[in-house]
Every structure is written in structure tokens, then in C-alpha cells.
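Residue numbers (this note's numbering), protein chains in the order written: chain A, 1 to 113; chain B, 114 to 223.
Worksheet for the structure shown next.
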Amino acid sequence: DAEITQSPRHKITETGRQVTLACHQTWNHNNMFWYRQDLGHGLRLIHYSYGVHDTNKGEVSDGYSVSRSNTEDLPLTLESAASSQTSVYFCASSDQTGLETQYFGPGTRLLVL
Amino acid sequence: GIQVEQSPPDLILQEGANSTLRCNFSDSVNNLQWFHQNPWGQLINLFYIPSGTKQNGRLSATTVATERYSLLYISSSQTTDSGVYFCAVVGGGSNYKLTFGKGTLLTVNP
């Protein structure tokens, strides 16, 4: 069955370190998204991609970057982790039209000390 | 951008009760989804429903796109229904990005 996976599921890091969160989908979807979830804010979009080599900023993109070298993967990098980036991160994907269901991964809990 | 408001923010039920959750949105939408986030944090797709009515077991949803709202009905609630229910939309003319409401926290007591 097609799925979307994230790794690691839990991560503790220190302020200033670079961290990369992995997202892998086997739906063969063109569209991929990264969200963060914080109490009081719901889910907010960080970055998104409509296909290989395409990346776009979402509403909370500062301090994050993504690259899309193939269809299946959209890694999220925190260039220099800050305590404000402690959050739960969700990856999602949807098909080319974007008009069908968006599927979410299981999430990564990140703690920045 | 499009605004999504969910009500009520919190709801406490006894097992077996029925409930209705509401989602209002500020503009036309191409996509509307309902999710359940369980106590372990998983986001589970419930419905893709930009318009019309769908049913899946004890859950059903109705979206009236012309009036910019959607309703999620939960009948004969069970303790496993507890969690946060999110409505999320893709605005018309958009870019496939989901905008989420802040959710309804449902607690079902035995």
C-alpha cells in the first residue's frame, strides 16, 4: 500500500545545530508539504513543492529550507535550530491536481534545547 | 488568505451521545477535508468533501459550498472518538495548500 513516512519520529537537539527531517511518500504525488503544529496555532504551512526542483515558502518559512531532488522525498532542514522551532512537524502529499485528499505522515516531535 | 473557523472549540459528551461540529470558511473552496487527530497525535483523514454529503459508519459530513460551511456529525459517540477534529480547506483559485481551522477538542466520557 502507498504511504507517507517521516523520520525520525522523535528528535532532541541543541540550539544552533543543523537538523534535517525526512519525508518519503510512495503515492507518486507531485505535491508535497511541510506543516508545523503548535498549541494555539493549529497547523501552519512551512514550505511546499509542486514537483521536482520546485520549492515555495509557506507562512512560517523563516529558519527552514527544503529541496526536492526526486518525486518521493522532501527533506526539511533547520539551518540553525532555535528553541522556537520546538514543535511537531507533519509532512503531507497530494496528487497533481491538488483537488483530492491530502495525506499526512505520522509526524516528527522535535525538541530544541 | 482564506479564514477557517471551527465551533465549538471544546465539546464533552457521554458515550452514546450525538454531536455536530461546524466549520465556516470565508471564501470559495476547491477542497475541504475533515481530520481526526487522535491522542497519539496521528492525523487521520475522515472525509474529502468540497461539496455534498458523505457517510462512513457513525460519521457523516455535509458541505454547503454556496453558504461556506461544513458540518461533521458523530453519532453514538465512543471513547475512541476523543481527540481533536480539524477542518481544512484549499481556497478557490489557489495553490493546493490546506488552511486549517484551530480544531474542536472532543472528549467522550464512558
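All C-beta atoms in this analysis are idealised placements derived from N, C-alpha and C, irrespective of residue type, glycine included.
If you're wondering where the values come from, they're calculated on a predicted model, not measured in any experiment.
How many angstroms separate the CA atom of Y182(B) from the CA atom of G170(B)? Counted from its first residue, the second sequence places residue 182(B) at position 69. Counted from its first residue, the second sequence places residue 170(B) at position 57. If I take the Cα positions, the gap works out to 22 Å.
Please confirm whether G51(A) has its beta-carbon closer than 8 Å to some beta-carbon of chain B. To locate residue 51(A), count along the first sequence from 1; it is residue 51. False, the Cβ-Cβ gap to chain B never drops below 8 Å.
Tell me the start and end of each unbroken beta strand (DSSP E) in the segment 85 to 110 of chain A that is at least 3 residues and wholly inside, in chain order. 87 to 94
Using a 10 Å radius around the Cβ and a threshold of 16 neighbouring Cβ atoms, would you call W153(B) buried or exposed? Within the second sequence, residue 153(B) is the residue found at index 40, counting from 1. By the neighbour-count criterion, in which a residue is buried when 16 or more other Cβ atoms sit within 10 angstroms of its Cβ, W153(B) is exposed.
Step through the CB atoms of chain B and report whether any lies within less than 8 Å of the CB of N70(A). Taking the first sequence and counting its residues from 1, one reaches residue 70(A) at position 70. Closer than 8 Å to the CB of N70(A) there is not a single CB belonging to chain B.
Kindly identify the DSSP beta-bridge partner or partners of G42(A). For the purposes of this step, residue 42(A) is identified with residue 42 of the first sequence, where counting begins at 1. Note: G42(A) sits in a beta bridge opposite D38(A).
Could you say which of T15(A), H53(A), A2(A), T55(A) lies nearest to L110(A) if we only look at CA atoms? Position 110 of the first sequence, counted from the start, is the residue given in the question as residue 110(A). Ranking the options by Cα distance to L110(A), first place goes to T15(A).
The beta strand (DSSP E) spanning Q116(B) covers which residue range? Residue mapping note: residue 116(B) aligns to position 3 of the second sequence, counting from 1. Unbroken run through Q116(B): none, as it is neither H nor E.
Distance, Cα to Cα, E118(B) vs H149(B)? For the purposes of this step, residue 118(B) is identified with residue 5 of the second sequence, where counting begins at 1. For the purposes of this step, residue 149(B) is identified with residue 36 of the second sequence, where counting begins at 1. Distance between the alpha carbons of E118(B) and H149(B) is about 16 Å.
Starting from Q18(A), follow its DSSP beta bridges and name the residues at the other end. To locate residue 18(A), count along the first sequence from 1; it is residue 18. DSSP lists no partner for Q18(A).
For F213(B), which residues in chain A fall below 7 Å Cβ to Cβ? Translated into the one-based positions of the second sequence, residue 213(B) becomes position 100. The contacting residues are G42, L43.
Tell me whether T71(A) sits in a helix, a strand or coil according to DSSP, three-state version. Along the first sequence, read from residue 1 onward, the residue named residue 71(A) stands at position 71. If DSSP states are grouped into helix, strand and coil, T71(A) belongs with coil.
May I have the straight-line CA-CA distance separating D73(A) from I46(A), to the nearest angstrom? The residue given as residue 73(A) occupies position 73 in the first sequence. The residue given as residue 46(A) occupies position 46 in the first sequence. If I take the Cα positions, the gap works out to 16 Å.
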